[in-house]
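Residue numbers (the working numbering): 1 to 254.
The following block contains the structure:
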């Protein structure tokens, strides 16, 4: 019995076996009362999507490196389910690194890579991942930055039509510290082995950096030997962004 201005709610639990949008219709006349029958259709739509949970992990073979040393990065993508996915995109942008090698290291649980494009700075792949399926990538990177931390991030996303139960684990980042690697050298000459008393001689001192990293803030010092008296001289710098702030001196023999 439904009183005047009253309602009667009936709930039915359903579950979907195929993806898509479905419309459930209660035709006119399905509700019968002593006062007559329902005169209009009643309908409701339900969209069923696949649900997966893609998890990404990324590790580096070491947390620090020199500018000339490569480092190996291992990235693993696992589908924790409950639905399989086909065509899941994977991207790893190697910021601060030059990619010198990249391969699919392992697959498990029926996981596979259907396409993979590698450049010197990024990897783009497409994966098929059944429930508990996995794909691991091995990436070899050479620092393109000569000092400081470089951080790069790998991302796996569900394809169109699939929702992800936990978007917080779809990316993984790793940081590697690139240690500065300077190679300083000093040479000095005055182009003679002897001079007469009170005769000036000019010493030429060359400070050079043959390393991969800048030696900003390097301090150089040359203390005249006993018996030499120094007066002001010049200082010049060449190459790259070098700067010269030395107080140069000519030295006379006492």
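From the three backbone atoms N, C-alpha and C, an ideal C-beta is built for every residue, glycine too.
Let me know if residue 184 comes out buried or exposed under the rule of 16 or more other beta-carbons within 10 Å of its beta-carbon.
For the purposes of this step, residue 184 is taken as residue 184 along the chain shown, with counting starting at 1. It counts as exposed.
Give me whichever residues DSSP pairs with residue 58 in a beta bridge.
Sequence index remark: in the chain shown, residue 58 carries index 58 (1-based). According to DSSP, residue 58 bridges with 75.
Rounded distance between the beta-carbons of residue 76 and residue 134, thought under 8 Å:
One-based indexing of the chain shown puts residue 134 at position 134. One-based indexing of the chain shown puts residue 76 at position 76. That belief holds up - the Cβ atoms of residue 134 and residue 76 are roughly 6 Å apart, short of 8 Å.
Please classify residue 79: is it buried, with 16 or more other beta-carbons within 10 angstroms of its beta-carbon, or exposed?
In the chain shown, residue 79 corresponds to position 79, counting from 1. That one is buried.
Would you kindly report the start and end of the unbroken beta strand (DSSP E) that includes residue 24?
Start at 1 with the first residue of the chain shown, and residue 24 comes out as number 24. Note, residue 24: beta strand (DSSP E), 20-26.
Buried or exposed: which applies to residue 54, given that a residue is buried once 16 or more other Cβ atoms fall within 10 Å of its Cβ?
Counting from 1 along the chain shown, the entry for residue 54 is found at position 54. Around the CB of residue 54, 16 or more other CB atoms lie within 10 Å, so the residue is classed as buried.
Close-in-space but distant-in-sequence residues of the same chain around residue 105 (CB under 8 Å, 5 per side omitted)
Within the chain shown, numbered from 1, the residue matching residue 105 stands at position 105. Only 74, 136, 137 and 138 meet the Cβ criterion.
Using only the alpha-carbon positions, how far apart do residue 229 and residue 191 sit?
Here the question's residue 229 lines up with position 229 in the chain shown. Here the question's residue 191 lines up with position 191 in the chain shown. Approximately 18 Å, taken between the alpha carbons.
Could you compute how far the alpha carbon of residue 51 sits from the alpha carbon of residue 132?
Your numbering for residue 51 matches position 51 in the chain shown. Your numbering for residue 132 matches position 132 in the chain shown. Straight-line Cα distance between these residues: approximately 13 Å.
Mind checking whether residue 120 and residue 99 have CB atoms under 8 Å apart?
For the purposes of this step, residue 120 is taken as residue 120 along the chain shown, with counting starting at 1. For the purposes of this step, residue 99 is taken as residue 99 along the chain shown, with counting starting at 1. In this structure, residue 99 lies closer than 8 Å to residue 120 by Cβ.
Within-8 Å CB hit, residue 126 to chain B
Given the protein chain composition of this structure (a single chain), no chain B is represented.
Could you tell me whether the Cβ atoms of residue 147 and residue 95 are closer together than 8 Å?
Position 147 of the chain shown, counted from the start, is the residue given in the question as residue 147. Position 95 of the chain shown, counted from the start, is the residue given in the question as residue 95. No; because the gap between Cβ atoms is not below 8 Å, this pair is not in contact.
Secondary structure at residue 185, three-state DSSP: helix, strand or coil?
Mapped onto the chain shown, residue 185 falls at position 185. It is a strand residue.
How many Å lie between residue 178 and residue 124 at the Cα?
Within the chain shown, numbered from 1, the residue matching residue 178 stands at position 178. Within the chain shown, numbered from 1, the residue matching residue 124 stands at position 124. Each residue's alpha carbon lies about 25 Å from the other.
Closest to residue 56 by C-alpha separation, out of 150, 21, 173 and 199, would be which residue?
The count along the chain shown starts at 1 and reaches residue 56 at position 56. The option with the nearest alpha carbon to residue 56 is 173.
If I'm right that residue 126 touches residue 156 with Cβ under 8 Å, what's the distance once you round it to whole angstroms?
Position 126 of the chain shown, counted from the first residue, corresponds to residue 126. Position 156 of the chain shown, counted from the first residue, corresponds to residue 156. Distance from residue 126 to residue 156 at the Cβ level is roughly 10 Å; contact not present, criterion being Cβ atoms closer than 8 Å.
Return the chain-ordered ranges of every beta strand (DSSP E) run that is complete within the segment 83-169 and spans a minimum of 3 residues.
85-93, 97-108, 112-118, 122-129, 134-143, 148-156 and 162-164
Considering residue 177, what are the terminal residues of the beta strand (DSSP E) in which it resides?
Here residue 177 is taken as the residue at index 177 of the chain shown, counted from 1. First-last of the beta strand (DSSP E) with residue 177: 171-178.
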